[in-house]
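Colleague: Residue numbers for the sequence shown, in our numbering: 2 to 258.
Even glycine gets a Cβ: it sits at the ideal position worked out from N, Cα and C.
Have a look at the structure that comes next, please.
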Amino acid sequence: MTLLALTAFDDNYIWALTRGGSEAIIVDPGDAAPVLRAADAGLKPVAVLITHHHADHCGGLAELRRRWPELPVHAPADERIAVPTRTVADGERVSALGLEFQVLAVPGHTRSHIAFVSAGADSHLFCGDTLFSLGCGRLFEGTPAQMLASLDRLSALPDTTLVCCGHEYTLSNAAFALAVDPDNAALQERSSEAQRMRQQGSPTVPSTLASERACNPFLRVDQPAVIAAVTAAAGRAPTDRVDTFAELRRWKDGFRA
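In structure tokens form, the structure reads like this:
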């Protein structure tokens, strides 16, 4: 399998997981144009996976369906996704291109957000805007407890799982992560690596879950260094790990590098 990152808008990625460079699973096509250009070059979409209702993740569906009326689309049950889809929920399975994906409910960024994770040694996690490299999504509809539970669930996946998130946010996330955890050697190395990749014009994702657990402060709310940084930033000690996460997310929301 080959993974392609199709760029869209300012910083979105539309993922295309292909077999032999032709048939492809398309993930979160917020804009149809990059997919249509890839199709003109030989890509053939055979299924679409949608993680949540935001337009930059599903806004291209109607145009793709006009091009391929029978194209299967798998999405969460949410009336805000206007194009007819096969709705899928937590624990269900989606099969495409000989792969099987488990559906995981990961509310927090939105109430109906889901993720798709493939089985096998080369597992791909399509997590939309729940988990980013070195960060996590804003809480538009969910609670801190919901988002932390969703991140805990993703963090429990195997080390080698590839984190295929929806945006190129790694450098801005790295600036915040280093403010929280400046002595983290793994984070320092990941930040330098991401800078090199962007200078070369390459995506900084996918990362691995092993890397995220080592570097991402939102997956490290139980670490003393993160708790100490949150305590200093908030002017008080957090009451529990949910409170640590909530204050960390609040800090990030107002952070300027």
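Around the C-beta of E169, are 16 or more other C-beta atoms found within 10 angstroms, so that it is buried, or is it exposed?
Modeller: buried
Colleague: What would DSSP say about Q189, mapped onto helix, strand or coil?
Modeller: Here Q189 sits in helix by DSSP.
Colleague: So what's W69 in DSSP terms, helix, strand or just coil?
Modeller: coil
Colleague: If you follow the alpha helix (DSSP H) that S173 is in, where does it begin and where does it stop?
Modeller: 171-181
Colleague: Tell me, please, whether the CB atom of E101 is closer than 8 Å to any CB atom in chain B?
Modeller: Checking the listed chains, one finds no chain B in this structure; it contains a single protein chain.
Colleague: Counting pairs of Cβ atoms below 8 Å between the region 146-164 and the region 223-231, do you hit three or more?
Modeller: Segments in contact, no.
Colleague: Under 7 Å: does the beta carbon of D12 sit that close to some heavy atom of the ligand NAP?
Modeller: As presented, the structure is devoid of all ligands, the ligand NAP included, so that no description of it is given.
Colleague: Please report the straight-line C-alpha distance between S96 and F102, rounded to a whole angstrom.
Modeller: 6 Å
Colleague: Would you say L98 and V181 are within 8 Å of each other, going by their C-beta atoms?
Modeller: no
Colleague: Give me the Cβ distance between H110 and H53, rounded to the nearest whole Å; I'm assuming they're in contact under 8 Å.
Modeller: The beta-carbon separation of H110 and H53, rounded to 7 Å, stays under the 8 Å limit for a contact.
Colleague: Could you compute how far the alpha carbon of P30 sits from the alpha carbon of R139?
Modeller: 20 Å
Colleague: Please list the terminal residues of the continuous beta strand (DSSP E) segment that includes I51.
Modeller: Here I51 belongs to no beta strand (DSSP E), and DSSP marks it neither H nor E.
Colleague: Starting from V222, follow its DSSP beta bridges and name the residues at the other end.
Modeller: According to DSSP, V222 bridges with nothing at all.
Colleague: What residue does the alpha helix (DSSP H) around S124 start on, and which one ends it?
Modeller: First-last for S124: undefined, no H or E at that position.
Colleague: Distance, Cα to Cα, P73 vs V49?
Modeller: 6 Å
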